[in-house]
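K.L.:
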Amino acid sequence: MFDMIIERLHQDFQFNKSSDFLQVELVGVYSVKLVRAQIEGNTQAAESLDRMIRCHMKDLKTTKIAREGEDPKGPKTSPAEWATTLLETLAESQKEPAKKSTKKKKTQK
């Protein structure tokens, strides 16, 4: 999930390689932790992680505006469409079964 979030963010946005890199990595880590907290029913941790993700995304937006200006140059997808695509990609990757060898081993007598 972490790799897919990072990949998707890099597809949608152009980040600089210094401060943005760390922000993107933290968004990925916190997103994985957020899902785990939600699965465990830990609402306090989920709220904290959600807040941290939002702060890092806000910082990414601020550096993007400073770099590119106010005019939108990125993708024109809504956050819901972006999340849906991410979840569909994740579901597809989990559907692919691990390939098992069907060859039988010969036994020596």
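Count the sequence shown with full-length UniProt numbering and you get residues 1 to 109, in order.
Yeah, the Cβ is synthetic: ideal placement off N, Cα and C, and Gly gets one too.
Is residue 69 helix, strand or coil when you go by DSSP?
P.N.:
Of the three classes helix, strand and coil, the one that applies to residue 69 here is coil, per DSSP.
K.L.:
Give a yes or no on contact between the stretch 29 to 40 and the stretch 13 to 21, applying the rule of three or more CB pairs nearer than 8 angstroms.
P.N.:
Taking 8 angstroms as the limit for Cβ pairs, the verdict is that the stretch 13 to 21 does not touch the stretch 29 to 40.
K.L.:
If you drop the 5 nearest sequence neighbours on each side, which residues of the same chain put their C-beta closer than 6 angstroms to that of residue 18?
P.N.:
Once the five neighbours on either side are set aside, residue 18 has no close Cβ partner at all.
K.L.:
Does DSSP put residue 18 in a helix, a strand or coil?
P.N.:
Correct three-state label for residue 18: coil.
K.L.:
Alpha carbon to alpha carbon, how far is residue 91 from residue 101? Give it in angstroms, no decimals.
P.N.:
Here the model assigns residue 101 a pLDDT of 48, short of 50, so the residue's position is not dependable and the matter cannot be decided.
K.L.:
Give the range of the alpha helix (DSSP H) segment to which residue 93 is assigned.
P.N.:
Segment 79 to 95, the alpha helix (DSSP H) holding residue 93.
K.L.:
Mind checking residue 5: buried by the 16 CB within 10 Å criterion, or exposed?
P.N.:
Buried.
K.L.:
Taking residue 1 and residue 35 to be in contact with their CB atoms under 8 angstroms, please state how far apart those CB atoms are, rounded to whole angstroms.
P.N.:
7 angstroms between Cβ atoms; contact.
K.L.:
Smallest Cα separation from residue 61: which of 7, 8, 3, 20?
P.N.:
Selected option, being the one with the closest Cα: 20.
K.L.:
If I measure Cβ to Cβ from residue 38 and keep anything under 6 angstroms in the same chain, skipping five residues before and after, which residues do I get?
P.N.:
Cβ within range, chain order: 46.
K.L.:
Quick one: what does DSSP say residue 57 is sitting in, helix, strand or coil?
P.N.:
It is helical.
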